[in-house]
Amino acid sequence: MAAITERGADVNTLENSMSLKKTLSAASPLALRVVAECSVTKARACDLILPHCAVSTPVFMPVGTQGTLKGITVDQLEGLGCQICLGNTYHLGMRPGPDLIEKANGLHGFMNWKRNLLTDSGGFQMVSLVELSEVTEEGVKFKSPYDGEEILLSPEKSISIQNSLGSDIMMQLDDVVSSTVTGPRVEEAMHRSIRWLDRCIAANKNPDKQNLFAIIQGGLNAELRKVCLEEMTQRDVPGFAIGGLSGGEEKDDFWRMVTLSTDHLPREKPRYLMGVGYAVDLVVCVALGCDMFDCVFPTRTARFGSALVPWGSLQVKQKQYAKDFQPIDPECQCPTCRQHSRAYLHALFKSDTAAMHHITIHNIAYQLTLMCSVRQSIVDGCFPEFIRTFMKRMFPSRDQYPGWAVDALASVNVPLE
Amino acid sequence: MKLELSRVVQGRGRLGVLKELGKTGQHSLEVPGCLLHTHLGAVPHLTRDTLHTLSNLPSVTQVTLSNIAEHQEVLEEFKDGFRRFAGLHNTVLYCSLHDPATPCPTGYNTTKTVSVWGSGGRIELTVAKFMALQKTVQPDWYQSMADGETWQSGTSRKRVRKSVDRTLAHLDECLLVHQNSQELEGVEVFGVVEGGDILEERVRSGRETAKRPVAGFCLDGLQTGSMDQALRTQLITAVTKELPEDKPRLLQGVGRPDEVLACVEAGVDLFESFFPFQATERGCALCFGFDVSSDPELAAGVKFGTRQHPVSGGVRRLCAGSLVEFSGVVELAEEKTASGETRQNGDSNPADQSRMTSFEIDLKDKRHRDDFRPLVEGCGCYCCVNHQRAYLHHLLVTNELLAGVLLMIHNTAHYHAFFRALREALANDKLDVLKRRVLGEGGGQTERNE
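Protein sequence lines correspond, in order, to chains A and B.
Residue 213 in UniProt numbering sits at position 213 of the first sequence; the count goes up by one each step and never skips.
Residue 40 in UniProt numbering sits at position 40 of the second sequence; the count goes up by one each step and never skips.
Right under this line is the structure:
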């Protein structure tokens, strides 16, 4: 754990914060410095300079949907070395609403988080959470689950809410279509997302303080993706997200779209792969050229007693751990592993919510440590070795390596024997 | 353990320090004071990091067999005692039978057994099993096995007598095992005084228990909701007359500030700190005032209630700042007052401890939606330094786990600060001022601004 905070502190030393101000004053609230590039894969290690602090990439961003990371204080999150986390525009836009948050000095002020925040547009929740949603050129029409009122989430409305939230990175409103959908709807959504990107750019009241990222769409269709990439990279946005994946699609299609996207995205801008958070996916997609990731999985699974470890996961609530007196991961330096055993946590789950918080802390630490190690290996020029060691630890034998991961890594010159 | 009293005033409470606690004898606990209530060693909702935002926590951690009993096998295999198992450091471990925050079903105790309720259901304890548990938990101090199922109204005299007899029998058996157990060398035992609401039985229980070689006394069956404070005071006063002065008295199941004050005056030294947890579970923040450094109301001649009708004083200044919100409680109190009983804050039985008291604010209330003040002005806890009512309101409305964490931090800080203020008031002869502050106005400085 000390390692992470040290590295984090490195990037945030006084001299860096001086150059941070210099970098940012050039009319852009984002600067990307490529610190190292893997000579074998497409991986990069960068310093992403944002208004609240610098972020070391590759980075995993924990998700704090409703202005809080479930059960964890901002101090604890900071203590784990987190430099950027997410808030959800849909949820916060509903409760407590943008006006109140603006009064509270933005989402940073409201939740008292001093580092960076990224907000998504609300688009994904529209489609995944809300039953009656209708997408038109105007925006997404839906019924509020709280009072039944009909609401229209347009690009302008989404950006307006995100302006009130004051996040360091805002996402465009995109026309989200499930990755399992095929046919003309996918093309329609891709083109509409481009038009909505332009509307979002126009609607951004704070271009000098808030970064608006575009989201590449196009489903699993290479041609559509290429069109989208071609168009969106012509817009002057500080960063790009790869969207429309990480739904229910086949992993074989998934990685091909990721690598196609990074092939056509500019080197000097960050690439954010949305909704990816499983350890194997993170490592592979870093190799394919992605810098930023987010996912609810690590924090959500923690609440069910599932602890993430280098060899997979450990279901603490299972009977086999009742008398297991070692920590979740003997090599983990997080507060949970330093203080408590699997047996104690197993027992605590029957008595108090604190058990969930212990696992949440551990899982966030796991994700952040993983990314830190990935970054360091890129900087040290041994990322391919890191990948091999990682895979060996994660899977009992070579024939259990997921086929898609083997293919994806082979495509960037890392054969796994 | 050694109780060193610095002040004893009849009917006004005792002040002192409980020294030489723990097997190393290095810890002490000021009295009147409270223990640190936990679930299996964890202060509810809190991990070590969040717990340690609090300073001056009690040096004694309370764990309960109701949480622990089902893990007996695990602990036996672990061998090194509960403290190590839970990762607890530098604290004295006290093991009680029941969790004061969670009243359990009654009717299952027998002559030879008492039952506790774990996550998987009822666990029956004989003295043998009870003592086997103590040997594997390895606390610094524990209460003897007791039958306290007398708190429901209408408990017969016969049943009350049985609880006294059984509890004494259990105590004698426990002590026998204790004296013959090397594992329990240096561990202290508290005897438990029962007797329901019957004065003679209370006196008998106290007198008999005092004859046994125990380090102190638990007073059981007097918990919030089981009887009104007037009767509780009467019974405690009578019991403490039978108990030696130099041994501490721990009152179980009572935590509300007004009741604490009254019981301290009646001679109680120690309480269980489960009240902050209950307030947290209601989504409420403790906010009652206990600052006696200056008392402007004294000059203004604020009306305060007598011990019989404290709520009438409470009506004037309520935490939430609105009579309307408390109309339910007020009416209830007035009804009861008319019928001659005094029921504080609407509690009618221990099973209904979810009712809000006048010592807290309900953060789910819409009025807090855009209130950017801290829970309590001037409170130095992590929650009040870093967050605002509006944020807590949002967390509660959206059912977020962080609400419990932040409220637990604040409520714990507030409650323990109250006990510090209580000790200071006793030391400086300001108990009356403190009582006015706590009882006369339920809201403290927070709602003066509203």
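By construction, the Cβ of each residue, glycine as well, lies at the ideal position given by its N, Cα and C atoms.
Assign A/K70 to buried or exposed, taking buried as 16 or more other Cβ atoms, counted over all protein chains shown, within 10 Å of its Cβ. As a working note, residue 70 of chain A is residue 70 in the first sequence. Buried: at least 16 other Cβ atoms inside 10 Å.
- Can you pull the chain A residues whose beta carbon is under 9 Å from the beta carbon of B/G404, in chain order? Locating residue 404 of chain B in the second sequence gives position 404, counting from the first residue. Neighbours of B/G404 on chain A, chain order: G71 and T353.
- prompt: What residues match up with A/M170 in a beta bridge as DSSP calls it?
  reply: Position 170 of the first sequence, counting from 1, holds the residue named residue 170 of chain A. Beta-bridge pairing links A/M170 to A/T119 and A/L212.
- Task: Could you have a look at A/I364 and say whether DSSP puts it in helix, strand or coil?
- Result: As a working mapping, residue 364 of chain A is identified with position 364 in the first sequence. DSSP places A/I364 in helix when its eight states are reduced to three.
Problem - Chain-ordered chain A contacts of B/T398 [CB-CB under 7 Å] - result: On the second sequence, position 398 is the one that residue 398 of chain B refers to. Within 7 Å Cβ-Cβ: Q66 and R95.
Can you give me the C-alpha to C-alpha distance between A/L409 and B/A101, rounded to a whole angstrom? By 1-based counting over the first sequence, the position of residue 409 of chain A is 409. By 1-based counting over the second sequence, the position of residue 101 of chain B is 101. Distance between the alpha carbons of A/L409 and B/A101 is about 55 Å.
| For A/F349 versus A/G305, is the C-beta spacing smaller than 8 Å? | Within the first sequence, the letter at position 349 stands for residue 349 of chain A. Within the first sequence, the letter at position 305 stands for residue 305 of chain A. Closer than 8 Å, so yes.
Worksheet item: How would you write the range of the beta strand (DSSP E) that B/S115 sits in, first residue to last?
Response: Taking the first residue of the second sequence as position 1, residue 115 of chain B is located at position 115. Its beta strand (DSSP E) spans residues V114 to G118.
Against chain A, with Cβ distances strictly below 8 Å, would B/D365 count as a contact? In the second sequence, residue 365 of chain B corresponds to position 365, counting from 1. Chain A contact via Cβ: absent.
(request) Please work out which residues of its chain come closer than 7 Å, Cβ to Cβ, to B/G16, disregarding the five sequence neighbours upstream and downstream, and give them in chain order. (result) Stepping through the second sequence from its first residue, residue 16 of chain B is reached at position 16. Spatial neighbours of B/G16 in its own chain (CB-CB distance under 7 Å, excluding positions within 5 residues in sequence) are listed in chain order as L3, E4, L5, S6 and V31.
query = Any C-beta of chain A sitting closer than 8 Å to the C-beta of B/L40?
reply = The residue given as residue 40 of chain B occupies position 40 in the second sequence. By this cut-off, B/L40 is an interface position.
At 3 residues or longer, and completely inside the region 68-106 of chain B: list those beta strand (DSSP E) runs for me, N to C.
-> With a minimum length of 3 residues, the continuous beta strand (DSSP E) runs that stay inside the region 68-106 of chain B are 92-96.
Assuming B/V116 contacts B/A169 (C-beta within less than 8 Å), just tell me the rounded distance between them. Here residue 116 of chain B refers to the residue found at position 116 of the second sequence. Here residue 169 of chain B refers to the residue found at position 169 of the second sequence. B/V116 to B/A169, Cβ: 18 Å. No contact.
Quick check: B/F217 and B/R249, are their CB atoms within less than 8 Å of each other?
As a first step, residue 217 of chain B must be located in the second sequence, where it is residue number 217. As a first step, residue 249 of chain B must be located in the second sequence, where it is residue number 249. Cβ atoms of B/F217 and B/R249: closer than 8 Å.
Margin query: Excluding the 5 residues flanking B/T233 on each side, which residues of the same chain have their C-beta closer than 6 Å to its C-beta?
Written below: Locating residue 233 of chain B in the second sequence gives position 233, counting from the first residue. By the criterion of a C-beta distance shorter than 6 Å, B/T233 is surrounded in its chain by A262 and A266, once the five residues flanking it on both sides are discounted.
| said: Distance cutoff 8 Å, beta carbons only. Does B/S119 sit that close to anything in chain A? | reply: Against the second sequence, residue 119 of chain B aligns to sequence position 119. Residue-level contact by beta carbon holds for B/S119 and chain A, with a gap shorter than 8 Å.
- Message: Distance check for B/F130 and A/H340, CA to CA, integer angstroms please.
- Response: In the first sequence, the residue the question calls residue 340 of chain A occupies position 340. In the second sequence, the residue the question calls residue 130 of chain B occupies position 130. Rounded to whole angstroms, A/H340 and B/F130 show a C-alpha spacing of 26 Å.
(request) Just tell me which of B/Y415, B/T53 and B/S96 has its CA closest to the CA of B/G148. (result) For the purposes of this step, residue 148 of chain B is taken as the residue at position 148 of the second sequence. Closest by alpha carbon: B/S96.
Going by the CB atoms, is the gap between A/R192 and A/E137 shorter than 8 Å? Start at 1 with the first residue of the first sequence, and residue 137 of chain A comes out as number 137. Start at 1 with the first residue of the first sequence, and residue 192 of chain A comes out as number 192. The answer is yes: Cβ separation under 8 Å.
(message) So B/Y94 and B/T61 are supposed to be a Cβ contact under 8 Å. How far apart are they, rounded?
(response) Numbered from 1 along the second sequence, position 94 holds the residue referred to as residue 94 of chain B. Numbered from 1 along the second sequence, position 61 holds the residue referred to as residue 61 of chain B. Yes, they are in contact, since the Cβ atoms of B/Y94 and B/T61 sit about 7 Å apart, within 8 Å.
Does the region 373-384 of chain A come within contact of the region 349-363 of chain A, defined as at least 3 CB pairs closer than 8 Å? no
>> Whole angstroms are fine: how far does the CA of A/K269 sit from the CA of A/I49?
In response: In the first sequence, the residue the question calls residue 49 of chain A occupies position 49. In the first sequence, the residue the question calls residue 269 of chain A occupies position 269. The alpha-carbon atoms of A/I49 and A/K269 are separated by roughly 11 Å.
Q. Closest to A/R338 by CA distance: which of A/Q320, A/K205, A/S167 and A/I359 is it?
A. Here residue 338 of chain A is taken as the residue at index 338 of the first sequence, counted from 1. Per the Cα distances, A/I359.
Min CB distance A/I364 to chain B below 8 Å:
As a first step, residue 364 of chain A must be located in the first sequence, where it is residue number 364. Closer than 8 Å: no.
Checklist entry - Since B/A425 contacts B/V292 with CB under 8 Å, what's their CB separation in whole angstroms? => result Residue numbering aside, residue 425 of chain B sits at position 425 when the second sequence is read from its first letter. Residue numbering aside, residue 292 of chain B sits at position 292 when the second sequence is read from its first letter. Their Cβ separation, rounded to whole angstroms, is 6 Å, which keeps B/A425 and B/V292 in contact under 8 Å.
TODO: Give, in chain order, every residue of the region 265-292 of chain B whose Cβ lies closer than 7 Å to some Cβ of chain A.
DONE: Those residues of the region 265-292 of chain B placed with their C-beta closer than 7 Å to a C-beta in chain A do not exist.
*Pick helix, strand or coil for A/L129, following the three-state DSSP scheme.*
Position 129 of the first sequence, counting from 1, holds the residue named residue 129 of chain A. A/L129: helix per DSSP, three-state reduction.
B/L250 - partner residues in DSSP beta bridges = Within the second sequence, numbered from 1, the residue matching residue 250 of chain B stands at position 250. B/L250 pairs with B/C218 and B/L270.
Exposed or buried, what is B/Q223 when buried is set at 16 or more other beta-carbons lying within 10 Å of its beta-carbon? Here residue 223 of chain B is taken as the residue at index 223 of the second sequence, counted from 1. Result: buried.
Just the Cα atoms here: how many angstroms apart are A/N204 and A/P266? Here residue 204 of chain A refers to the residue found at position 204 of the first sequence. Here residue 266 of chain A refers to the residue found at position 266 of the first sequence. Put simply, the backbone Cα of A/N204 is about 22 Å away from that of A/P266.
Quick check: is the beta carbon of A/S410 nearer than 8 Å to any beta carbon in chain B? Counting from one through the first sequence, the residue named residue 410 of chain A turns up at place 410. Per the sequence presented here, residue 410 of chain A reads as Ala, with Ser not at that position. No, its Cβ sits nowhere closer than 8 Å to a Cβ of chain B.
Bridge partner(s) assigned by DSSP for A/Y272: For the purposes of this step, residue 272 of chain A is taken as residue 272 along the first sequence, with counting starting at 1. Bridge partners of A/Y272: A/A241 and A/M292.
**Message:** Per the DSSP calculation, residue 463 of chain B is bridged to which residue(s)?
**Reply:** The question about residue 463 of chain B has no answer, for chain B in this structure spans 1 to 450.
Requested in this report: Please decide whether B/H45 counts as near chain A, where near means a Cβ-Cβ distance under 8 Å.
Outcome: Locating residue 45 of chain B in the second sequence gives position 45, where the first residue counts as 1. B/H45 counts as touching chain A.
Quiz prompt | Coarse secondary structure for A/S313, derived from DSSP in three states | solution = The residue labelled residue 313 of chain A in the question sits at position 313 within the first sequence. In the structure shown, A/S313 sits in a strand (DSSP, three-state: E or B).
Q.
Taking a contact to mean a Cβ-Cβ separation below 8 Å, would you say B/E194 touches B/M1 in this structure?
A. To locate residue 194 of chain B, count along the second sequence from 1; it is residue 194. To locate residue 1 of chain B, count along the second sequence from 1; it is residue 1. Against a cut-off of 8 Å, the Cβ pair of B/M1 and B/E194 comes out as no contact.
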